[in-house]
Amino acid sequence: MRILLVTVAGLSSRFSQSVGYPCLKCLYHEGESTRTLLYRLTHMWDFDRYILVGGYRYEELAGAVERDLKDIRDRVSLVRNDRYQETGSGYSLYLGLREASRWDYTEIVFAEGDLLVDRGSFIQICQFPGDVVTVNREPIQAHKAVALYFDRENGIHYIYDTSHNCLEIREPFLSIYNSGQIWKFADPGLMRKSMDALGEQGQTGTNLNLIQEYFSRSRHYEIISFEKWVNCNTVQDYNAGITEIGDYENIE
1013 MRILLVTVAG LSSRFSQSVG YPCLKCLYHE GESTRTLLYR LTHMWDFDRY
1063 ILVGGYRYEE LAGAVERDLK DIRDRVSLVR NDRYQETGSG YSLYLGLREA
1113 SRWDYTEIVF AEGDLLVDRG SFIQICQFPG DVVTVNREPI QAHKAVALYF
1163 DRENGIHYIY DTSHNCLEIR EPFLSIYNSG QIWKFADPGL MRKSMDALGE
1213 QGQTGTNLNL IQEYFSRSRH YEIISFEKWV NCNTVQDYNA GITEIGDYEN
1263 IE
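Position 150 of the sequence shown, counting from 1, maps to 1162 under the numbering used here, and the rest follow consecutively.
Here you go:
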């Protein structure tokens, strides 16, 4: 069973400020509802199961699933993160993976819910028969980027500054990339071991804690670079991404 896990529980503060009113950014659109980030992410590949983890404005998310995702509704599991204000993104990932454990899954594609990406690259992720780490071609800027680098032993490390000020690497490294914020976990047993190693409390911070734990244990993974990638922190980012990548019907 192939599962798509999308987390959309956060407050969307910067996006709401850019729009001028409180807004769940994965549902924002101008024109057809096929322009929402959520619709696009859930319709680039046909999964056996879709797990959506919400929190902020959860009722709006649930309503949108009933209204706009009718074609896949019977395969959607909605998970509510009531602790979205007191925990980091890692707890939403934890709740989503806990829901996934109810199903006999073989692989999970995990995507943060504020991304616009090209369909061709996304399909590469889905078709690759193993673990996947993604990167993008944007410059690494501390105020908005999640960076990943490989140390001298080729070990993977993620770095991110929640205050959006600066990034710091205190060791020699072989290479550094801007993270694409979509991953593929193709080893359920390894995921269970990684989750057990952190424990529930260890997953209340950023989702990068579990992700790094998993890929540090993975024997082999593919690095896939997105041809087009936009992180929609603001409505300006969203509009620029729609212009660059195109409407849903044309995102090939």
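Quick reminder that beta carbons are idealized off the backbone N, C-alpha and C, glycines included.
task = Measure the CB-CB distance between ASN1093 and GLU1150 and report whether it falls below 8 Å.
result = The Cβ atoms of ASN1093 and GLU1150 lie no closer than 8 Å to each other.
inquiry  = Does the beta-carbon of PHE1140, which I'm using as the reference point, lie nearer than 7 Å to any heavy atom of the ligand GTP?
reply    = This structure simply doesn't include the ligand GTP, nor any ligand for that matter.
query = DSSP state of LEU1090, grouped into three classes?
reply = strand
query = Nearest to VAL1020 by alpha carbon, out of TRP1195, THR1054, ARG1087 and SER1104?
reply = SER1104
query = Relative to the C-alpha of GLY1132, which residue among SER1206, SER1113, GLU1124 and TRP1057 is closest?
reply = TRP1057
query = What are the uninterrupted segments assigned as beta strand (DSSP E) that are 3 or more residues long and contained completely in the segment 1103 to 1145, given in chain order?
reply = Uninterrupted beta strand (DSSP E) stretches at least 3 residues long and entirely within the segment 1103 to 1145 occur at 1119 to 1124 and 1127 to 1129, given in chain order.
ask   = Is THR1246 helix, strand or coil when you go by DSSP?
value = DSSP places THR1246 in coil when its eight states are reduced to three.
query = Between the Cα of GLY1102 and the Cα atoms of SER1028, ALA1252, GLN1193 and GLN1139, which residue gives the shortest distance?
reply = GLN1193
ask   = To which residues does DSSP link PHE1185 through a beta bridge?
value = ASP1163
key: Three-state class that DSSP yields for LEU1016 in the structure shown   = strand
query = Where do the N-terminal and C-terminal ends of the alpha helix (DSSP H) with GLU1071 fall, by residue?
reply = 1070 to 1080
In DSSP terms, what ARG1061 is bridged to = DSSP links ARG1061 through a beta bridge to ILE1015.
message = Looking at ILE1181: is its Cβ nearer than 8 Å to the Cβ of ILE1168?
response = no
ask   = Is it true that the segment 1244 to 1257 meets the segment 1120 to 1130, where meeting means three or more beta-carbon pairs spaced less than 8 Å apart?
value = yes
query = Are there 16 or more other CB atoms within 10 angstroms of the CB of ILE1137, so buried, or fewer, so exposed?
reply = buried
task = Could you say which of SER1025, SER1228, ILE1188 and THR1246 lies nearest to PHE1197 if we only look at CA atoms?
result = For PHE1197, the closest of SER1025, SER1228, ILE1188 and THR1246 by C-alpha to C-alpha distance is SER1228.
ask   = Thinking C-alpha only, which one of ARG1069, ALA1074 and TRP1115 is nearest ARG1095?
value = ARG1069
C-alpha gap between ALA1112 and VAL1147, whole angstroms = 25 Å
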